[in-house]
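Asker:
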Amino acid sequence: MERDGFQMYKRHMIPKGLGHPLWIPQANMRLPVPYRQAGVCIGDVGIITREGAFDCLFNICLPLDHPINSSLLPDDFAPLHPPLDHQHIIEVREFSSNAYLASNDIYRRSSLIISGINFTTSAPEGAILTMPRGAYVQRLANEKQFDDYIANNAETWYKIANERLRRDAKNGDLRIVLGCHKSTAWGMATFVNRTQYSSSRAQSLRFITTKVGPEADDNVGLFDGQFQDLRNQCLFVRAPVMTLNDQAWLRISQQSEVRIEENGQSSSSIRQPDASPRRTSGSLPNPIPSRSLENRGRQSAVSKLA
Numbered sequence: 001m002e003r004d005g006f007q008m009y010k011r012h013m014i015p016k017g018l019g020h021p022l023w024i025p026q027a028n029m030r031l032p033v034p035y036r037q038a039g040v041c042i043g044d045v046g047i048i049t050r051e052g053a054f055d056c057l058f059n060i061c062l063p064l065d066h067p068i069n070s071s072l073l074p075d076d077f078a079p080l081h082p083p084l085d086h087q088h089i090i091e092v093r094e095f096s097s098n099a100y101l102a103s104n105d106i107y108r109r110s111s112l113i114i115s116g117i118n119f120t121t122s123a124p125e126g127a128i129l130t131m132p133r134g135a136y137v138q139r140l141a142n143e144k145q146f147d148d149y150i151a152n153n154a155e156t157w158y159k160i161a162n163e164r165l166r167r168d169a170k171n172g173d174l175r176i177v178l179g180c181h182k183s184t185a186w187g188m189a190t191f192v193n194r195t196q197y198s199s200s201r202a203q204s205l206r207f208i209t210t211k212v213g214p215e216a217d218d219n220v221g222l223f224d225g226q227f228q229d230l231r232n233q234c235l236f237v238r239a240p241v242m243t244l245n246d247q248a249w250l251r252i253s254q255q256s257e258v259r260i261e262e263n264g265q266s267s268s269s270i271r272q273p274d275a276s277p278r279r280t281s282g283s284l285p286n287p288i289p290s291r292s293l294e295n296r297g298r299q300s301a302v303s304k305l306a
C-alpha cells in the first residue's frame, strides 16, 4: 500500500516541474551523521529506490577522505576539479510557510474553526504536499560545469556502485544531483475520490496514504546539545539519469558479472525522463532544453528542466 501511494504521488507531482518527488525525504539512517544532518546535496551520486528515497552512494564535490564519502571508494576516486565554490550555487526560499502543492482540481478550503489545512476536490484521485515551514531550493548556477566531468566518470561510477558498494545498479539507475528542494517539515497524502461530483465529496475521500515528517526519531543523534530544526528533508531532487552506451555497459557487465538486457541503444546519455514536466489538462507547457557534447569519441546528451 505504501508503494502504491508513492506511485500515485509521483505521478501527480512530476508535472509540477520541480524534479523527481521523493516519498521518503529523510536520508538513509545508516549514512554518516554529517550527511544525515544536511540531507541530499548537489554532487550526490545515487539511486532513487523503489520506496521513493534517494540512496546516496558518494558525493563528487567532496574529497575522498570526507566523512560523507564511503571508505569503500577506490584510492583513485577523482572529485570534481576545480571544486565548487559557494558562489556557484543558488539557494533561496521558494515556498513560504504553510505553502502546499496539489494535483489538478484540488483546492484549499479556508476555515476559521477547523484547525489544520483543509482541501476540497472533484478529482477522481490526487496527491497533496504540505510545507508547514516552507521550502528552499538549492541549484547549480551553471549546470554545464558538470558536463565534461560526468562524461569522463560515469562509467567508473557504475563500477563503484556495483562492485564496491554492491548495488546491482542497472544501466540508467544512477543519477547525479544538480539541485533539490528541502524543508524542515512536510506532510504528504494520496487519495481516491469514491463519490466524484457528489455534494458530499468533502467526506468521500479515501486516503491511500497520509504521512508527516520528520518523525521524532528520524533525527536522533544529529544534534549537538539542544534540539533544532534541520533543513535535511528533501522533497524534490533534480537528478538527471546517467545512461552508458552499449559498449561501455558491456565492459562493466563483463567485469562485475551484472546481467543486462539488450535495449538497442547505441549512445551514452544523461537524461531525466521522470522529472520532465508533462502537459496535463489545465497545465502550461514547460519545454525541456537539451544540449550535447563530444568527449573522447563518445557522445552524451543532457536533458534538463527549463
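Note that UniProt numbering has the sequence shown beginning at 1, numbered continuously upward. Even glycine gets a Cβ: it sits at the ideal position worked out from N, Cα and C. Just so it is clear, the structure is predicted and the values come from calculations on it, not from any experiment.
Would you call the segment 152-159 and the segment 237-251 touching, i.e. three or more CB-CB distances under 8 Å?
Answerer: Because the criterion of three Cβ pairs below 8 Å is met, the segment 152-159 and the segment 237-251 touch.
Asker: Taking one C-beta from the segment 227-241 and one from the segment 175-195 each time, how about it: are there three or more such pairs within less than 8 Å?
Answerer: yes
Asker: Would you mind working out which of R175, K10 and E163 sits nearest A151, comparing C-alpha positions?
Answerer: R175
Asker: Less than 7 Å between the C-beta atoms of residue 319 and F77, yes or no?
Answerer: The chain is shown only over 1 to 306; residue 319 falls outside these bounds and no answer can be derived.
Asker: With the cut-off set at 7 Å, would you say residue 307 and P25 are in Cβ contact?
Answerer: A question about residue 307 goes unanswered here, because the residues of the chain that appear run from 1 up to 306.
Asker: Going residue by residue through the segment 41-121, where are the continuous beta strand (DSSP E) segments of at least 3 residues, counting only ones entirely within it?
Answerer: 44-48, 54-59, 89-95, 99-102, 106-109 and 118-121
Asker: Starting from H20, follow its DSSP beta bridges and name the residues at the other end.
Answerer: V237
Asker: Please state whether DSSP places T156 in a helix, a strand or coil.
Answerer: DSSP places T156 in helix when its eight states are reduced to three.
Asker: May I ask which residues mark the beginning and end of the beta strand (DSSP E) holding Q138?
Answerer: First-last of the beta strand (DSSP E) with Q138: A135 to L140.
Asker: Quick one: using the 10 Å Cβ neighbour count with 16 as the cut-off for buried, is L36 buried or exposed?
Answerer: Here the sequence assigns Arg to residue 36, which means Leu is not the residue at that position. R36 is buried by the Cβ-count criterion.
Asker: Can the beta-carbon of I90 be found closer than 7 Å to that of A141?
Answerer: Yes, these two residues count as a Cβ contact at 7 Å.
Asker: Look up E143 in the DSSP assignment and give the residues it is bridged to.
Answerer: DSSP lists no partner for E143.
Asker: If I follow the unbroken alpha helix (DSSP H) through A38, where does it start and stop?
Answerer: Unbroken alpha helix (DSSP H) run through A38: V33 to A38.
Asker: Report the option in M131, S103 and N118 whose CA atom is closest to the CA atom of S97.
Answerer: Out of M131, S103 and N118, M131 has the C-alpha closest to the C-alpha of S97.
Asker: For A189, which of helix, strand or coil comes out of DSSP?
Answerer: The answer is strand: DSSP assigns A189 an E or B state.
Asker: Since S183 sits in a beta bridge, which residues does DSSP pair it with?
Answerer: Q233
Asker: If I follow the unbroken beta strand (DSSP E) through I128, where does it start and stop?
Answerer: E125 to M131
Asker: Tell me the DSSP secondary structure of G5 in three-state form.
Answerer: helix
Asker: When burial is assigned at 16 or more other CB atoms within 10 Å of the CB, is D44 buried or exposed?
Answerer: That one is buried.
Asker: According to the Cβ coordinates, are M13 and P21 closer than 7 Å?
Answerer: yes
Asker: Taking the straight line between their C-alpha atoms, what separation do you get for N28 and D55?
Answerer: Answer to the nearest angstrom: the Cα atoms are 7 Å apart.
Asker: Have a look at G126, G213, H66 and Q138 and flag the residue whose alpha-carbon is nearest the alpha-carbon of H88.
Answerer: Q138
Asker: For the putative contact between A169 and I47, defined by C-beta atoms under 8 Å, what is the C-beta separation to the nearest angstrom?
Answerer: 6 Å
Asker: Quick check: residue 354 and R93, are their CB atoms within less than 7 Å of each other?
Answerer: Only positions 1 to 306 of the chain appear in the structure, and residue 354 is not among them; the question remains open.
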